[in-house]
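Position 169 of the sequence shown, counted from 1, bears residue number 215 in this note's numbering, the numbering being contiguous throughout. Note that CB positions come from ideal geometry on N, CA and C, so glycine has one too. These figures come from a predicted structure and were not determined experimentally. A short worksheet on the structure shown next.
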Amino acid sequence: MTVPQTEPIALPANMEPDNPLWRYALACWQNPQLARICLDLQAQGWSVTRLLCAGWLGVNGRAFTGVEDAKVTEWRARVTGQIRSARKSIPRHHHDSHDLRNELARAELQAEKTELALAWHTLTLKHPETGNMLDRNTAILQNLRAAGPLREPEETERLATLSLMMANAMEGASLP
């Protein structure tokens, strides 16, 4: 079977991988319950990076429309998603494939960091406006709703819990 060649994705020269959005993602990930909710939503078709962007924007009083830059979407589909798919194809407890699965997990994290750097680049260059929503918890919840594909009542409660945790993610976070 021949795999078609694809052109490399044109990445901006001035991306900032270590940016406030990435640091917010790290802070969120320090809360195991928040991480679990994000991963559960990911298993249902949501994008964790979209959730993190929505949360960060809400924390900063900004709205997330649900529309993201085509480069972010392309990166997620062609790179992050493909690495995640490869990692998930390897059984978690298969001894002989353990090292490969771990390497793919590390590559997936790097791909997510790049995805968030692309999102940050877009947010700061194309939409540099500051916050204009007064209640950050409401802003985060509205943004989370805009970030995902589901509108079921049980998801509303989970999103409300997630929004409260995201609002508090930076408080008490021990970041490098």
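**OP:** Note down the Cα distance separating SER209 from LEU72, rounded to an integer number of angstroms.
**Re:** Here residue 209 is taken as the residue at index 163 of the sequence shown, counted from 1. Here residue 72 is taken as the residue at index 26 of the sequence shown, counted from 1. One C-alpha to the other measures close to 16 Å.
Original post:
How many angstroms separate the CA atom of ARG138 from the CA atom of HIS144?
Top reply: The residue you call residue 138 lines up with position 92 of the sequence shown. The residue you call residue 144 lines up with position 98 of the sequence shown. Cα to Cα, the separation comes out at about 7 Å.
Original post:
Closest by CA to ALA59, which one among ALA163, PRO195, ALA215?
Top reply: Start at 1 with the first residue of the sequence shown, and residue 59 comes out as number 13. Considering only alpha carbons, the answer is ALA163.
Subject >> Proximity of ILE129 and LEU150 at Cβ, strictly below 8 Å >> reply: Here residue 129 corresponds to residue number 83 of the sequence shown, with the count starting at 1. Here residue 150 corresponds to residue number 104 of the sequence shown, with the count starting at 1. Cβ atoms of ILE129 and LEU150: closer than 8 Å.
Original post:
For SER131, which three-state DSSP category applies?
Top reply: Along the sequence shown, one-based indexing puts residue 131 at 85. SER131: helix per DSSP, three-state reduction.
**OP:** Leaving out five residues on either side along the sequence, give the residues of the same chain with a beta carbon under 6 Å from the beta carbon of ASN77.
**Re:** Position 31 of the sequence shown, counting from 1, holds the residue named residue 77. Excluding sequence neighbours, ASN77 sits near MET211.
**OP:** Return helix, strand or coil for MET61, following the three-state DSSP convention.
**Re:** One-based indexing of the sequence shown puts residue 61 at position 15. MET61 sits in coil when the DSSP states are folded into three classes, being neither helix nor strand.
**OP:** Just the C-alpha distance for ASP86 and ALA56, rounded to the nearest angstrom, thanks.
**Re:** For the purposes of this step, residue 86 is taken as residue 40 along the sequence shown, with counting starting at 1. For the purposes of this step, residue 56 is taken as residue 10 along the sequence shown, with counting starting at 1. Cα to Cα, ASP86 sits roughly 31 Å from ALA56.
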